[in-house]
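>
There are 4 protein chains.
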Amino acid sequence: MTTQETAAPPGRGRPRDEKARVAILDSAAELLLERGLEKVSMDAIARQAGVSKATIYRWWPTKESLALDSVYRQWSATRPEPHQTGSVSEDLIALLGSWSKLATGRPYGRIIAALLSAAQSDPGFAQQYRAHFVDQRREPGRAILRHAIDTGQLPPGTDIELGLDLLYGPIYHRLLNGHALINEAFIRDVVTTVHAGLNAAA
Amino acid sequence: MTTQETAAPPGRGRPRDEKARVAILDSAAELLLERGLEKVSMDAIARQAGVSKATIYRWWPTKESLALDSVYRQWSATRPEPHQTGSVSEDLIALLGSWSKLATGRPYGRIIAALLSAAQSDPGFAQQYRAHFVDQRREPGRAILRHAIDTGQLPPGTDIELGLDLLYGPIYHRLLNGHALINEAFIRDVVTTVHAGLNAAA
Amino acid sequence: MTTQETAAPPGRGRPRDEKARVAILDSAAELLLERGLEKVSMDAIARQAGVSKATIYRWWPTKESLALDSVYRQWSATRPEPHQTGSVSEDLIALLGSWSKLATGRPYGRIIAALLSAAQSDPGFAQQYRAHFVDQRREPGRAILRHAIDTGQLPPGTDIELGLDLLYGPIYHRLLNGHALINEAFIRDVVTTVHAGLNAAA
Amino acid sequence: MTTQETAAPPGRGRPRDEKARVAILDSAAELLLERGLEKVSMDAIARQAGVSKATIYRWWPTKESLALDSVYRQWSATRPEPHQTGSVSEDLIALLGSWSKLATGRPYGRIIAALLSAAQSDPGFAQQYRAHFVDQRREPGRAILRHAIDTGQLPPGTDIELGLDLLYGPIYHRLLNGHALINEAFIRDVVTTVHAGLNAAA
DNA sequence: GTGTAATCGAGACGGTACGTCGAGTCTTGTG
DNA sequence: CACAAGACTCGACGTACCGTCTCGATTACAC
Numbered sequence: 000m001t002t003q004e005t006a007a008p009p010g011r012g013r014p015r016d017e018k019a020r021v022a023i024l025d026s027a028a029e030l031l032l033e034r035g036l037e038k039v040s041m042d043a044i045a046r047q048a049g050v051s052k053a054t055i056y057r058w059w060p061t062k063e064s065l066a067l068d069s070v071y072r073q074w075s076a077t078r079p080e081p082h083q084t085g086s087v088s089e090d091l092i093a094l095l096g097s098w099s100k101l102a103t104g105r106p107y108g109r110i111i112a113a114l115l116s117a118a119q120s121d122p123g124f125a126q127q128y129r130a131h132f133v134d135q136r137r138e139p140g141r142a143i144l145r146h147a148i149d150t151g152q153l154p155p156g157t158d159i160e161l162g163l164d165l166l167y168g169p170i171y172h173r174l175l176n177g178h179a180l181i182n183e184a185f186i187r188d189v190v191t192t193v194h195a196g197l198n199a200a201a
Numbered sequence: 000m001t002t003q004e005t006a007a008p009p010g011r012g013r014p015r016d017e018k019a020r021v022a023i024l025d026s027a028a029e030l031l032l033e034r035g036l037e038k039v040s041m042d043a044i045a046r047q048a049g050v051s052k053a054t055i056y057r058w059w060p061t062k063e064s065l066a067l068d069s070v071y072r073q074w075s076a077t078r079p080e081p082h083q084t085g086s087v088s089e090d091l092i093a094l095l096g097s098w099s100k101l102a103t104g105r106p107y108g109r110i111i112a113a114l115l116s117a118a119q120s121d122p123g124f125a126q127q128y129r130a131h132f133v134d135q136r137r138e139p140g141r142a143i144l145r146h147a148i149d150t151g152q153l154p155p156g157t158d159i160e161l162g163l164d165l166l167y168g169p170i171y172h173r174l175l176n177g178h179a180l181i182n183e184a185f186i187r188d189v190v191t192t193v194h195a196g197l198n199a200a201a
Numbered sequence: 000m001t002t003q004e005t006a007a008p009p010g011r012g013r014p015r016d017e018k019a020r021v022a023i024l025d026s027a028a029e030l031l032l033e034r035g036l037e038k039v040s041m042d043a044i045a046r047q048a049g050v051s052k053a054t055i056y057r058w059w060p061t062k063e064s065l066a067l068d069s070v071y072r073q074w075s076a077t078r079p080e081p082h083q084t085g086s087v088s089e090d091l092i093a094l095l096g097s098w099s100k101l102a103t104g105r106p107y108g109r110i111i112a113a114l115l116s117a118a119q120s121d122p123g124f125a126q127q128y129r130a131h132f133v134d135q136r137r138e139p140g141r142a143i144l145r146h147a148i149d150t151g152q153l154p155p156g157t158d159i160e161l162g163l164d165l166l167y168g169p170i171y172h173r174l175l176n177g178h179a180l181i182n183e184a185f186i187r188d189v190v191t192t193v194h195a196g197l198n199a200a201a
Numbered sequence: 000m001t002t003q004e005t006a007a008p009p010g011r012g013r014p015r016d017e018k019a020r021v022a023i024l025d026s027a028a029e030l031l032l033e034r035g036l037e038k039v040s041m042d043a044i045a046r047q048a049g050v051s052k053a054t055i056y057r058w059w060p061t062k063e064s065l066a067l068d069s070v071y072r073q074w075s076a077t078r079p080e081p082h083q084t085g086s087v088s089e090d091l092i093a094l095l096g097s098w099s100k101l102a103t104g105r106p107y108g109r110i111i112a113a114l115l116s117a118a119q120s121d122p123g124f125a126q127q128y129r130a131h132f133v134d135q136r137r138e139p140g141r142a143i144l145r146h147a148i149d150t151g152q153l154p155p156g157t158d159i160e161l162g163l164d165l166l167y168g169p170i171y172h173r174l175l176n177g178h179a180l181i182n183e184a185f186i187r188d189v190v191t192t193v194h195a196g197l198n199a200a201a
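Chains as they are written, first to last, in numbering that gives the first Met the number 0: chain A, 0 to 201; chain B, 0 to 201; chain C, 0 to 201; chain D, 0 to 201.
If you want it as C-alpha cells, here you go:
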C-alpha cells in the first residue's frame, strides 16, 4: 500500500520502529499542508517527527515519495461509504461531492499540484502517483458507470473512461486553476450534464 | 502583456537591451522544454543566453515568472486563426484540437504543471498564471459558446463557465495525469458529449 | 598632487566639473571614515556625491586610488606649522604628537590599514601610497634629524633612516594593532628613548 | 588555539573530518601566499581542498578567520628554539632575526596587512588577531627584557611594553610599507639602539 | 551662431564572489 | 540491525559590487 517494502523478512536485527514511521508521516502531512511541498525541508520533517533524517531516507527515497505516502495516508483514513442509491446521478454526486469536500477542506490542492509536477519528469513516480491518486479515485466511479450501463441508465456502448475524464476533469480543473469555486451546485451540474451528454451522444 | 514594466519613462539612462531580453526568453523556453522547470537553474539560463544572472533578476523576480513569460511568448507566436465554420462542435473541435496539439507537441505539460504548482502558494503569481494561460485560452471558447446560444445551437440559459470547464477540464486532466492519450477522437468525443449534455440538461 | 592627470591639454570640450571632484572626495572621505574601505561601495560614494559612477571612474581608476586621494586631501588640509624650537626632542615630540593626534582623532587607522593592504599586491599603488603617506611624513622628521646632527645634538654618523623607522614604527605599530594607547607620554617616551639610543650607540 | 570550538562533547554524531580540516588550512595557506587574501575566493579554497564550501563555513565564519588560522598554523609549525645566550642584545637579535626571516621569506606581509585591515573594523576579530600574532610574538621578547632587568642589563624601571613596541614597531613598519629592506644589519641596529636608549633614558 | 568635443547623470550590462540553504549520503556511537 | 546525531558533498539560490557601456543632455571653446 505504501511506497517502500512493508518490512524486513522475519525478525533479523532490530525491528522497524512503528512509532517513528507514523510520526514521520504525520509530521510530513502537517508540514505539507501548512507550507506546501517545496517549502518543507526534510530536516524540518525530521525535527518535527523527532527522528533522524537517515531514518526517513531509509524508508522513502525522496521527499516526493514521502509526501505521496503521507497524503495518501490521510486521504485513506477518511474513506466514506459509497452509498449506492441506485441512481447514477445521485451516486456520482455523492462520490464526487465527498471527495471534493475532502480535497478542498484543507490545502491539499498545492500538494497534489506539486506531486503532479514531480510526476511529469519521473515516469516511475508518475506511475506511483496514478496508482494512489488517479486509479484509486476512478475505480468507484467506474463501478457506478458500469452499474448504470447494466441497469440501462446509460447506453451499452458508453465509453466509461471518457465519462470518468468528463467527471473528474472539470473538478480537478477548478481545484488546480482556482478560477471558480467547487461547490455542490457545480458538482451537480457536472454530473447532470455529463450524464445527459453520455445518453444523448450515443 | 509581460510580467514586468514595459520600460522606464522616456530615455533616462542606458536603454534596456532588447537582444538580451529575447535571448533570455528563448534560452529559458529551450531549457525548460528540455529539462523542466525545477531542473533548470538560473545560472544555466544566463549562460545559455550569454547574459548575466543579475540581468535576469532585474526584469523577472523569480524563475517561475520568467518561465511564465517564456512559455507564453512561445504559445503566442503560434496563434492560429480560429476558423469559424458556424457549427459549435466543429468550431470547438478546431479550437481545442489545435490547442491540444500545441500543448502536447512538446513537453509543455510539465512546465504547465510546475507553474500550476507555483501558483498554488502565491496568489499574485496565480493571478498572472490565470491571466496568461487560463483566461486567454477560455476567451475564444467563450465566444464560440456565446455565438452558439445566439444561433440556437445551445439553449439560452446555458451556463457558459460550466461548459468551458467541461471542455477544458478533461483535456487538462489527461495532459497532467497522463493516464490516457489526447488525440482527435478524444477531443471530438469530449466536444460531442458536452454539447449534447448542455442541450439535454437544459 | 593627485593620482590622475591634472587636466586635458588646453581647453577642448567641456571642462571638468570642479564641484563634482570636490563632492566625490568629500563623500568618499566621509563614508570611508564611517564604514571603512571595504564596506564602502562606489555606488554609495556616487550616490552620496550626487554624481554618476562613470564620473568617478573617469578620474580615479580604482576605489583604492580614490581613497588615497580622499584621505590625503583631508590630511593635507590640516598641515600644522612645524614649530622649530631648536631642541631635537621637542621638535620631534611636536611633530609626531600632532600627527598622531590627527591620525587617531578619527578612524583613519582602518583606512590606512586598507591602503597598506592594497599596496602589498600592487607595486604601482604601493609607490603612490608611499609618496603620499610615507615620504611626505618622513621628510619633516628627516629635516629635524639632519638639523640635530648639524647642531651636534646627534653624532655625525647617525643613520637617519633608521632613526625615522625607530620613531614612526612604534606609533604605527600601536595605531594598527591597537594593543596599547597612543598618548603624549608614549610619544615622549619613544622620542626620548630613540634620541638617547642614537646618541649612545654611536 | 584555533578559532572554533575544539569539538562537540564526547562522540555524538559523525566526528569532524580531520583530513578535511587540514586540507582546508593547507589549501588556504597556499592560495593566500600565492594571491593574497582578497584575490582568493572561498570557492577556490574549497575546490583546492577537495571540500564543500559549506564545510568551510561550518567551521570558520569568515574568510579572514580562516586566513588567520591558516597562517597561524604555518607560523606555529616553525617555532625556533629561543636560544638564550645571556646577552639581551644577542637574544633579541636572534629572536627578531628568525621571526623577520620567517615573515619575509614568503609573502606573508600582504596576508598580515589584510588581517590587520580586517581587524580594524571588527573588534572580535581584532582580539583574535592580537592573541595569535601580537601577544604570541611579544611574549618571548617580554621574557628577554624581564630577564635583562633581573640581570642588570637594563635598569629596574624599564618600560617593557614601550621596549617591545620600539623593537617590533620598526620591523613591522618596513615589512608593511616596504620603503626599506629588512636585513640582519637593520635588526642589529634596531636592537642596539633600543637597548642603548632604554639604558640611557632611565 | 554653429559645430566639435569632452563632460555629466542615469542606469543597464557582464562578471565574479558572496554566504546560505536544501537534498541526499555517510560515519560515528548507542540500543 | 535500527536509529539519533550530525558532518559531509553537491549544486543552486538570490544579492552585492565591480568596472564598462550606452544613452540623452549639457557646457565649453573654436570657427
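Every residue, glycine too, gets a C-beta built ideally from N, C-alpha and C.
None of the values given here were measured: they were computed from a predicted structure.
Would a C-beta distance cut-off of 8 Å place A/Leu30 and A/Gln47 closer than the cut-off?
By 1-based counting over the first sequence, the position of residue 30 of chain A is 31. By 1-based counting over the first sequence, the position of residue 47 of chain A is 48. Yes, they are a contact pair.
> Quick one, are the C-beta atoms of B/Ile186 and B/Thr103 less than 8 Å apart?
Within the second sequence, the letter at position 187 stands for residue 186 of chain B. Within the second sequence, the letter at position 104 stands for residue 103 of chain B. Cβ distance not < 8 Å, so B/Ile186 and B/Thr103 don't count as in contact.
> Quick check: B/Val50 and B/Ala19, are their CB atoms within less than 8 Å of each other?
As a position in the second sequence, residue 50 of chain B is number 51, starting the count at 1. As a position in the second sequence, residue 19 of chain B is number 20, starting the count at 1. Their beta carbons are under 8 Å apart, which means B/Val50 touches B/Ala19 by this criterion.
> Return the residue from the list B/Ala113, B/Arg145, B/Ile92, B/Val193 that minimises the CA-CA distance to B/Glu183.
Here residue 183 of chain B is taken as the residue at index 184 of the second sequence, counted from 1. Of the listed residues, the one whose Cα sits closest to B/Glu183 is B/Ile92.
> Please report the distance separating the alpha-carbon of B/Gly123 from that of A/Leu36.
The sequence position of residue 123 of chain B within the second sequence is 124, counting from 1. The sequence position of residue 36 of chain A within the first sequence is 37, counting from 1. Going by the C-alpha atoms only, they are around 19 Å apart.
> Give a yes or no on whether the minimum CB-CB distance between D/Ala66 and chain C is below 8 Å.
Residue numbering aside, residue 66 of chain D sits at position 67 when the fourth sequence is read from its first letter. No, D/Ala66 lies away from the interface with chain C (no Cβ there is under 8 Å from its Cβ).
> At 9 Å on the CB atoms, spell out the chain C contacts of D/Val189, in chain order.
Mapped onto the fourth sequence, residue 189 of chain D falls at position 190. Simply Leu161, Asp164, Leu165, Gly168.
> Would you call the segment 126-144 of chain B and the segment 59-77 of chain B touching, i.e. three or more CB-CB distances under 8 Å?
A contact exists between the segment 126-144 of chain B and the segment 59-77 of chain B.
> Could you check the C-alpha separation between C/Gly156 and C/Arg145 for me, to the nearest Å?
One-based indexing of the third sequence puts residue 156 of chain C at position 157. One-based indexing of the third sequence puts residue 145 of chain C at position 146. In a straight line, the C-alpha of C/Gly156 is about 11 Å away from that of C/Arg145.
> How would you list, in chain order, the residues of chain B whose beta-carbon sits under 9 Å from the beta-carbon of A/Gln135?
Within the first sequence, the letter at position 136 stands for residue 135 of chain A. Residues of chain B passing the Cβ test: none, with the nearest at roughly 12 Å.
> Select from A/Leu95, A/Ala200, A/Leu24, A/Ile55 the residue whose C-alpha is nearest the C-alpha of A/Arg141.
For the purposes of this step, residue 141 of chain A is identified with residue 142 of the first sequence, where counting begins at 1. Taking only the C-alpha atoms, the option nearest A/Arg141 is A/Leu95.
> For a cutoff of 8 Å on Cβ pairs, would you count D/Val193 as touching chain C?
Start at 1 with the first residue of the fourth sequence, and residue 193 of chain D comes out as number 194. Chain C, which has a Cβ nearer than 8 Å to the Cβ of D/Val193, makes this yes.
> Buried or exposed for A/Ser64, please, with buried defined as at least 16 other CB atoms from any protein chain shown within 10 angstroms of its CB.
Sequence index remark: in the first sequence, residue 64 of chain A carries index 65 (1-based). Label assigned to A/Ser64: buried.
> Around the C-beta of C/Arg57, are 16 or more other C-beta atoms found within 10 angstroms, so that it is buried, or is it exposed?
Here residue 57 of chain C refers to the residue found at position 58 when the third sequence is read from its first residue. Exposed, by the Cβ-count rule.
> Using a Cβ-Cβ cut-off of 8 Å, state whether D/Tyr71 counts as contacting chain C.
By one-based count along the fourth sequence, residue 71 of chain D stands at place 72. Chain C contact via Cβ: absent.
> Does the distance from the C-beta atom of D/Leu174 to that of C/Pro169 stay below 8 Å?
Along the fourth sequence, one-based indexing puts residue 174 of chain D at 175. Along the third sequence, one-based indexing puts residue 169 of chain C at 170. The answer is no: Cβ separation not under 8 Å.
> In terms of alpha-carbon separation, which member of B/Thr77, B/Val87, B/Gly12, B/Arg13 lies closest to B/Pro154?
The residue you call residue 154 of chain B lines up with position 155 of the second sequence. Nearest of B/Thr77, B/Val87, B/Gly12, B/Arg13 to B/Pro154, Cα basis: B/Val87.
> Under 8 Å, do A/His172 and B/Arg129 count as touching if we go by C-beta distance?
Position 173 of the first sequence, counted from the first residue, corresponds to residue 172 of chain A. Position 130 of the second sequence, counted from the first residue, corresponds to residue 129 of chain B. Contact flag unset, no.
> Closer than 7 Å between beta carbons: that is the criterion. Which residues of the segment 122-134 of chain A meet it against chain B?
So the close ones are Ala125, Arg129, Val133.
> Quick check: what's the CA-CA separation for B/Ala112 versus B/Asp16?
Taking the second sequence and counting its residues from 1, one reaches residue 112 of chain B at position 113. Taking the second sequence and counting its residues from 1, one reaches residue 16 of chain B at position 17. Taking the straight line joining both Cα atoms gives about 31 Å.
> For D/Ile55 and D/Val21, I'd like the C-alpha separation in whole angstroms.
What you label residue 55 of chain D is simply residue 56 of the fourth sequence in a count that begins at 1. What you label residue 21 of chain D is simply residue 22 of the fourth sequence in a count that begins at 1. D/Ile55 and D/Val21: Cα-Cα distance of roughly 11 Å.
> Write down the C-beta distance between C/Ala45 and C/Lys52 rounded to the nearest angstrom, noting that I regard them as a contact closer than 8 Å.
Here the question's residue 45 of chain C lines up with position 46 in the third sequence. Here the question's residue 52 of chain C lines up with position 53 in the third sequence. Yes, they are in contact, since the Cβ atoms of C/Ala45 and C/Lys52 sit about 4 Å apart, within 8 Å.
> Please state whether DSSP places D/Met0 in a helix, a strand or coil.
Counting from 1 along the fourth sequence, the entry for residue 0 of chain D is found at position 1. The pLDDT assigned to D/Met0 is 35, lower than 50, so where the model puts this residue is not dependable; a value taken from the coordinates is nonetheless given after this. In the structure shown, D/Met0 sits in coil (DSSP, three-state: anything other than H, G, I, E or B).
> List, in order along the chain, the chain B residues whose C-beta lies closer than 9 Å to that of A/Ser97?
Your numbering for residue 97 of chain A matches position 98 in the first sequence. Those do not exist, as A/Ser97 stays about 19 Å from chain B at its closest Cβ, beyond 9 Å.
> If the cut is a Cβ gap below 8 Å, which residues of chain D does C/Ala113 touch?
Residue mapping note: residue 113 of chain C aligns to position 114 of the third sequence, counting from 1. Neighbours of C/Ala113 on chain D, chain order: Ser116, Gln119.
> Near D/Lys148, what residues of its chain come up, given a Cβ to Cβ distance below 7 Å and the 5 sequence neighbours on each side ignored?
The residue you call residue 148 of chain D lines up with position 149 of the fourth sequence. Checking the sequence, you will find Ile at residue 148 of chain D rather than Lys. Pro155, Thr157.
> When the Cα atoms are used, what is the spatial distance from A/Leu161 to B/Gln127?
On the first sequence, position 162 is the one that residue 161 of chain A refers to. On the second sequence, position 128 is the one that residue 127 of chain B refers to. Cα to Cα, A/Leu161 sits roughly 31 Å from B/Gln127.
> Grouping DSSP H, G and I as helix and E and B as strand, with all else coil, what is B/Ser116?
Stepping through the second sequence from its first residue, residue 116 of chain B is reached at position 117. Three-state result, B/Ser116: helix.
> Kindly examine the ligand ATP and report whether one of its heavy atoms sits closer than 7 Å to the Cβ of A/Arg46.
The model depicted lacks the ligand ATP and carries no ligand whatsoever.
> Can you tell me whether C/Asp188 is buried or exposed, with buried defined as 16 or more other CB within 10 angstroms of its CB?
Stepping through the third sequence from its first residue, residue 188 of chain C is reached at position 189. Buried, by the Cβ-count rule.
> For A/Arg34, which of helix, strand or coil comes out of DSSP?
The residue given as residue 34 of chain A occupies position 35 in the first sequence. A/Arg34 falls in the helix class under three-state DSSP.
> If the criterion is Cβ atoms closer than 8 Å, does the pair C/Thr192 and D/Gly196 meet it?
For the purposes of this step, residue 192 of chain C is taken as residue 193 along the third sequence, with counting starting at 1. For the purposes of this step, residue 196 of chain D is taken as residue 197 along the fourth sequence, with counting starting at 1. Contact flag set, yes.
> Measuring only the C-alpha atoms, how far is B/Gly10 from D/Ser120?
Working through the second sequence from its first residue, we reach residue 10 of chain B at position 11. Working through the fourth sequence from its first residue, we reach residue 120 of chain D at position 121. Approximately 42 Å between the Cα atoms of the pair.
> Could you check whether the Cβ of C/Leu197 sits closer than 8 Å to any Cβ belonging to chain D?
Taking the third sequence and counting its residues from 1, one reaches residue 197 of chain C at position 198. Answer yes: the Cβ-Cβ gap between C/Leu197 and chain D drops below 8 Å somewhere.
> Counting only beta-carbon atoms, is A/Arg173 nearer than 8 Å to chain B?
On the first sequence, residue 173 of chain A is found 174 positions in, with the first residue counted as 1. Closer than 8 Å: yes.
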